[in-house]
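Residue numbers (numbering that gives the first Met the number 0), protein chains in the order written: chain A, 0 to 355; chain B, 0 to 561; chain C, 0 to 201.
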Amino acid sequence: MRFTTARSRLWGLLRAAIPFLIIGLLSGCLLPPEPKTETAKDVFGLYVAVLVMGGIVFLGVEGFIVYAVVRYRRKPGDDQLPPQVHGNTMVEIIWTAIPTVIVLILFVISTITLNAVEARSAKPGVTVEATGFQWQWRFRYLDSDNNPKNDAVVNGTAANPPVMRLPVGEPIRVILPSLDVIHSFFVPQFLIKRDVVPVGENGTPNELEFTISEEGTYTGQCAEFCGLQHANMTFAIQAMTRAKYDQWLKVAKSGATPAPSAAPNATVIKLSATGTKFSTDRIQVPAGQPFVIRFEITDGQNHNVAVLKGGQVLFAGEIFQGPGVREYQVPALPAGEYQFQCQVHPVMTGTIVAGP
Amino acid sequence: MATTTLNPRAETYQRSWVLDWLTTVDHKKIGILYIVNSFFFFFAAGILALVIRSELAVPGLQFLDEATYNQAFTMHGTIMIFLFIVPVLSGFANYIVPLMLGAPDMAFPRINALSFWLLPVGGLLIFSGYLFGGAAAEGWTGYNPLTQAKYSPGPGTDLWLIGLTLVGTASILGSINFIATIFKMRAPGMTLFRMPIFVWTVLVTAVLILLATPVFTAGLIALFIDRNYGGSFFDPNVGGSPILWQHIFWFFGHPEVYIVILPAMGVVSEVLPVFSRKPLFGYRAFVFATVGIGLLSFSVWAHHMFTTGFVFLPFFSFMTALIAVPTGVKFFNWMATLWRGKLSLTTPMLFALGFLSMFLIGGLSGVMLSSPAVDFHLQDTYFVVAHLHYVFFGGSVFGVFAATYYWFPKMTGRKLNEGLGKVHFWMHFIGFNLAFFPMHQLGISGMPRRVADYSPDAGWTILNSMSTAGAFLIAASIFPFLINVVATFINGERAGDDPWEGNTLEWATSSPPPPYNFDRLPPIHSERPLFFLTHGHGHAADRPADVDEKPEDDVQRRGGAA
Amino acid sequence: MTTAELQRVELPPPGRGRHEAGLPTPLVGMLLFIASEVMFFGGLFAAYFNARAAHAGAWHPPEGGELDMPLAAVLTAILVSSSFTMQFGVAAIRRGDQRGLRMWVGLTLVLGVLFLLGQLYDYSRLGFGIGDGIFGTTFYTLTGFHGAHVFGGAVGLTIMLARALQGQFSTANHVAVEAVSIYWHFVDVVWIALFTTIYILR
Numbered sequence: 000m001r002f003t004t005a006r007s008r009l010w011g012l013l014r015a016a017i018p019f020l021i022i023g024l025l026s027g028c029l030l031p032p033e034p035k036t037e038t039a040k041d042v043f044g045l046y047v048a049v050l051v052m053g054g055i056v057f058l059g060v061e062g063f064i065v066y067a068v069v070r071y072r073r074k075p076g077d078d079q080l081p082p083q084v085h086g087n088t089m090v091e092i093i094w095t096a097i098p099t100v101i102v103l104i105l106f107v108i109s110t111i112t113l114n115a116v117e118a119r120s121a122k123p124g125v126t127v128e129a130t131g132f133q134w135q136w137r138f139r140y141l142d143s144d145n146n147p148k149n150d151a152v153v154n155g156t157a158a159n160p161p162v163m164r165l166p167v168g169e170p171i172r173v174i175l176p177s178l179d180v181i182h183s184f185f186v187p188q189f190l191i192k193r194d195v196v197p198v199g200e201n202g203t204p205n206e207l208e209f210t211i212s213e214e215g216t217y218t219g220q221c222a223e224f225c226g227l228q229h230a231n232m233t234f235a236i237q238a239m240t241r242a243k244y245d246q247w248l249k250v251a252k253s254g255a256t257p258a259p260s261a262a263p264n265a266t267v268i269k270l271s272a273t274g275t276k277f278s279t280d281r282i283q284v285p286a287g288q289p290f291v292i293r294f295e296i297t298d299g300q301n302h303n304v305a306v307l308k309g310g311q312v313l314f315a316g317e318i319f320q321g322p323g324v325r326e327y328q329v330p331a332l333p334a335g336e337y338q339f340q341c342q343v344h345p346v347m348t349g350t351i352v353a354g355p
Numbered sequence: 000m001a002t003t004t005l006n007p008r009a010e011t012y013q014r015s016w017v018l019d020w021l022t023t024v025d026h027k028k029i030g031i032l033y034i035v036n037s038f039f040f041f042f043a044a045g046i047l048a049l050v051i052r053s054e055l056a057v058p059g060l061q062f063l064d065e066a067t068y069n070q071a072f073t074m075h076g077t078i079m080i081f082l083f084i085v086p087v088l089s090g091f092a093n094y095i096v097p098l099m100l101g102a103p104d105m106a107f108p109r110i111n112a113l114s115f116w117l118l119p120v121g122g123l124l125i126f127s128g129y130l131f132g133g134a135a136a137e138g139w140t141g142y143n144p145l146t147q148a149k150y151s152p153g154p155g156t157d158l159w160l161i162g163l164t165l166v167g168t169a170s171i172l173g174s175i176n177f178i179a180t181i182f183k184m185r186a187p188g189m190t191l192f193r194m195p196i197f198v199w200t201v202l203v204t205a206v207l208i209l210l211a212t213p214v215f216t217a218g219l220i221a222l223f224i225d226r227n228y229g230g231s232f233f234d235p236n237v238g239g240s241p242i243l244w245q246h247i248f249w250f251f252g253h254p255e256v257y258i259v260i261l262p263a264m265g266v267v268s269e270v271l272p273v274f275s276r277k278p279l280f281g282y283r284a285f286v287f288a289t290v291g292i293g294l295l296s297f298s299v300w301a302h303h304m305f306t307t308g309f310v311f312l313p314f315f316s317f318m319t320a321l322i323a324v325p326t327g328v329k330f331f332n333w334m335a336t337l338w339r340g341k342l343s344l345t346t347p348m349l350f351a352l353g354f355l356s357m358f359l360i361g362g363l364s365g366v367m368l369s370s371p372a373v374d375f376h377l378q379d380t381y382f383v384v385a386h387l388h389y390v391f392f393g394g395s396v397f398g399v400f401a402a403t404y405y406w407f408p409k410m411t412g413r414k415l416n417e418g419l420g421k422v423h424f425w426m427h428f429i430g431f432n433l434a435f436f437p438m439h440q441l442g443i444s445g446m447p448r449r450v451a452d453y454s455p456d457a458g459w460t461i462l463n464s465m466s467t468a469g470a471f472l473i474a475a476s477i478f479p480f481l482i483n484v485v486a487t488f489i490n491g492e493r494a495g496d497d498p499w500e501g502n503t504l505e506w507a508t509s510s511p512p513p514p515y516n517f518d519r520l521p522p523i524h525s526e527r528p529l530f531f532l533t534h535g536h537g538h539a540a541d542r543p544a545d546v547d548e549k550p551e552d553d554v555q556r557r558g559g560a561a
Numbered sequence: 000m001t002t003a004e005l006q007r008v009e010l011p012p013p014g015r016g017r018h019e020a021g022l023p024t025p026l027v028g029m030l031l032f033i034a035s036e037v038m039f040f041g042g043l044f045a046a047y048f049n050a051r052a053a054h055a056g057a058w059h060p061p062e063g064g065e066l067d068m069p070l071a072a073v074l075t076a077i078l079v080s081s082s083f084t085m086q087f088g089v090a091a092i093r094r095g096d097q098r099g100l101r102m103w104v105g106l107t108l109v110l111g112v113l114f115l116l117g118q119l120y121d122y123s124r125l126g127f128g129i130g131d132g133i134f135g136t137t138f139y140t141l142t143g144f145h146g147a148h149v150f151g152g153a154v155g156l157t158i159m160l161a162r163a164l165q166g167q168f169s170t171a172n173h174v175a176v177e178a179v180s181i182y183w184h185f186v187d188v189v190w191i192a193l194f195t196t197i198y199i200l201r
């Protein structure tokens, strides 16, 4: 395209800019979600400051490039050399010094916000152990009695991700152990994440602390690639008043399912699970009779066994954390083929044949 | 159009074309082998990108299962970085650096050939995982414990480790070659501060490769030992540390990204002055900035690890922000080169200007990530994916295309068609921004990276679809480029020694050069030896003090249409 | 441009850089290669120190295993002596003494092979393997890769010996011997660092 006047060159440039304006407008305002914790507000403010600084530099430099392309275009037939300027020491010193100062300012404001984010309160309102494992979360509410048996535990399945209920307005401490690989505890509306790192017997897992400022439900997701089902490792945080939270906690703590009585002479199928594998992918049971699955989990993860036919769940055993054993009382199945599956790890499947 | 060489096709003895290319130790042929091989891997990894973007266009798993998706993004990243971008820049360096130095070849020609041939072997090994139960699928960063045998069984990851070790060895051997060549084989008169900027960037890049890559090799071997010999390096349950892997990886990984960008910056620093008809503003400052970036690059690695909870945040945050200063200096130098110049918007110039615009965005998003508190929100989201593509693709790949259009005439004797080049550029530029700019917003609103699927309720669908459209536009833009290359080989416009009115020595010999590179060298008194020859009276700084100004010295040189 | 306008340039003799006073190009290459190897061992040492620092409790071989300090000290003596013999060989060829070169290079090679055999003997008696916890892994990886580098050096020495026996070296032309000698000293220095770190500092 040949332009002879500066105006038509400018017009050509504007036409070229249209696709970028469209992209830019559709791409959104470049602002994070509205912050829902106290420190998230600080981070939001810092982010805006950095974005504005970057925006000014962007407009300045990009604007200059556009200007230069328009203004300094070589005219056809012009063989004259432009002034051959090799450098200018004073200018170069200035444009080295000013960015250095800007960088220092950036570092200072950044450190101030970082200290706010990393501050730890002497006494958090709630302490939750959020354990990550392939590919689910388990939330255990720690109380001060050092007795894990009466802690409230929230388990999740692929179909029903776990919900961490918390009171607003109080510091919440989250402890982040991993049972296997590195995961990451990320809540976009809190503008924060922290890696969930396996640390071995003698190590200390990471911790995170925040104070939620508004009631609501906030989604979270694993943010460190952890294998096959990384994309499905979601959870939610539900923030409510202290009163409602206490109410929920009382119910959650006492909710121990009574052990069902075993039918006499029932067939006992032994099944175990570790990692993301069952010990077998085929079980034979007598048709028309209730039977027992003696289910052993040999690693530290959550598993269960559910029985399905055609995608419909006929029986779902209690999800529990290994290592340990539970006996599932499974109701009678008419003759035919069924599927069994771990609802925490839907890749773990097998076939049940109920026969004569 | 006068050629300057005595016998462009002088060979020591005749042999078949195939055998010649397979056994060559000529840096020019090896450079072309590097470039062609790299483009094959570029297309392979590009197809993987299309696969990824097709799956992510709308929520739900339409084409792939999770396992295939995870292999796709792992292979995409690994191949793009190790088998495309580093080798293709190495290929241009291989071809051009000896010419720019006025040297007849590299210091160690046979090791040069070995460096090249290790690449297709390494690349095929990495890909061969697909034939043995699945390629590596843990991300190009291969974090532990995910890459331990327990969580990633099968030979795919082992083949990845071995392939990368070979590729790393090739890089290290190449870096030794470049450093030795640059220090020992410069033409008389070419002091270090008269070398072209491209050579400086290749020198610093080579030093980074020399010092950083072996650390990565150590890590790869350690992981191989963990996976296959019961080693305990990275398994926390037996006394190892997964964070150690990240330290080893990123101690290499961060210099690696400067290895990827510095030669592209060098290309831009050659192209902008030629097509502005002015020298690069602030040559010395540029050299110091390049060396400064090289040194600083070893001090910032843990900014990739801010969210692990195991690094000393203030130090790494400070050093990362600091590295923006020499980068900014370079930007100002480039801008001042354009200032009051006379710009010709040829295709190489368009790609160089595109580099400036896109790398600016990538650099600014990087500065945002340098703040740990902000990084806590943005790490491992699509914001990082946007950032890395703006610097790798908007930066290095634009630099690669600038180099391709700029030096194609030198390598083949023919100029690529400008019309098709401009079509390629605009499709590429628009497609690139359409594909990657929306990713900033996706990450800011919380979409994590390396996910095969996402929730339809998250509000991420439109931006993902836009991004997929952009990816296909980039793919489409390759067609005018390929058609251009083929058509130019068949019947393209012939180029003489110096079709662009270049400044540096590669333009002082025929296109393509003879095997021995130069019959004669011009006098070297500045970083623009050819500029003086053409425009002797142009500027005092380019003119040697001891040359009398006689009319017959005023030589009009036109090596072909500008 | 016509060829007349270009200044005729005298190219320097092949194999030598532009600066006659500088290092010969093959030595530059070897020094750069050694720099990369320093970084390689640096990565392995970093893993060792990281594991050691993070290790709760005493740092020692696993149950039933024990480090053989006297044997390691003997190996150290062998390798350090071999550096001396290597340097004597370099001095010999610098003054044109072909016989001396062959003798000293041969002796260096013998000492190098002795070192390797001693290392293998040590491995066979240690009582723990590379898969036996973090101590075993780091021990075998570090000493094993060092041994591999000694082996590479032994191959280089063999080639030097063969070429020396054919009379290929002279005062003016023996840069390969210098290069191999630098490599050999490097391998020795790495061993001293290893010995100090693993056996003395523990």
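Just so you know, even glycine gets a beta-carbon here, dropped at the ideal spot from N, CA and C.
Fair warning: this is a prediction, and the values are worked out from it, not measured in the lab.
If residue i sits next to residue j, beta carbons under 8 Å apart, how far is it from one beta carbon to the other, in whole angstroms?
i: residue 430 of chain B; j: residue 476 of chain B; result: 6 Å
i: residue 502 of chain B; j: residue 462 of chain B; result: About 44 Å; that fails the 8 Å criterion.
i: residue 207 of chain B; j: residue 161 of chain B; result: No, residue 207 of chain B and residue 161 of chain B are not in contact; Cβ-Cβ is about 23 Å, not under 8 Å.
Could you please give the first and the last residue of the uninterrupted alpha helix (DSSP H) stretch that includes residue i?
i: residue 93 of chain C; result: 68-93
i: residue 460 of chain B; result: 460-490
i: residue 64 of chain B; result: It is not in any alpha helix (DSSP H) - residue 64 of chain B carries neither H nor E in the DSSP assignment.
i: residue 187 of chain C; result: 174-193
i: residue 165 of chain A; result: Where residue 165 of chain A is concerned, there is no enclosing alpha helix (DSSP H), although the beta strand (DSSP E) it sits in stretches over 162-166.
i: residue 533 of chain B; result: 528-533
Between residue i and residue j, is the Cβ-Cβ spacing less than 7 Å?
i: residue 364 of chain B; j: residue 316 of chain B; result: no
i: residue 385 of chain B; j: residue 330 of chain B; result: no
i: residue 177 of chain A; j: residue 221 of chain A; result: no
i: residue 336 of chain B; j: residue 377 of chain B; result: no
i: residue 274 of chain A; j: residue 298 of chain A; result: yes
i: residue 115 of chain B; j: residue 32 of chain B; result: yes
i: residue 135 of chain C; j: residue 128 of chain C; result: yes
i: residue 360 of chain B; j: residue 381 of chain B; result: no
i: residue 110 of chain C; j: residue 82 of chain C; result: no
i: residue 114 of chain C; j: residue 158 of chain C; result: no
i: residue 212 of chain B; j: residue 170 of chain B; result: yes
Tell me residue i's beta-bridge partners as DSSP assigns them.
i: residue 140 of chain A; result: A/127 and A/151
i: residue 171 of chain A; result: A/125 and A/209
i: residue 305 of chain A; result: A/315 and A/340
For residue i, report the span of its beta strand (DSSP E) as first-last.
i: residue 216 of chain A; result: 215-221
Practice prompt. Pair every Cβ in the region 261-281 of chain A with every Cβ in the region 181-200 of chain A, then say whether three or more of these pairs are closer than 8 Å.
Written response: Using a Cβ-Cβ distance cut-off of 8 Å, the region 261-281 of chain A and the region 181-200 of chain A are not in contact, since fewer than three pairs of beta carbons, one from each stretch, lie closer than that value.
Practice prompt. Could you tell me whether the region 191-203 of chain B touches the region 512-530 of chain B, where touching means 3 or more Cβ pairs closer than 8 Å?
Written response: They touch, by the three-pair rule.
Item to complete: Evaluate contact between the region 347-354 of chain A and the region 277-285 of chain A, counting only Cβ atoms and requiring at least three cross-stretch pairs below 8 Å.
Response: Because the criterion of three Cβ pairs below 8 Å is met, the region 347-354 of chain A and the region 277-285 of chain A touch.
Worksheet item: Taking contact to mean at least 3 C-beta pairs separated by less than 8 Å, is the region 267-276 of chain B in contact with the region 341-358 of chain B?
Response: Yes, the region 267-276 of chain B is in contact with the region 341-358 of chain B.
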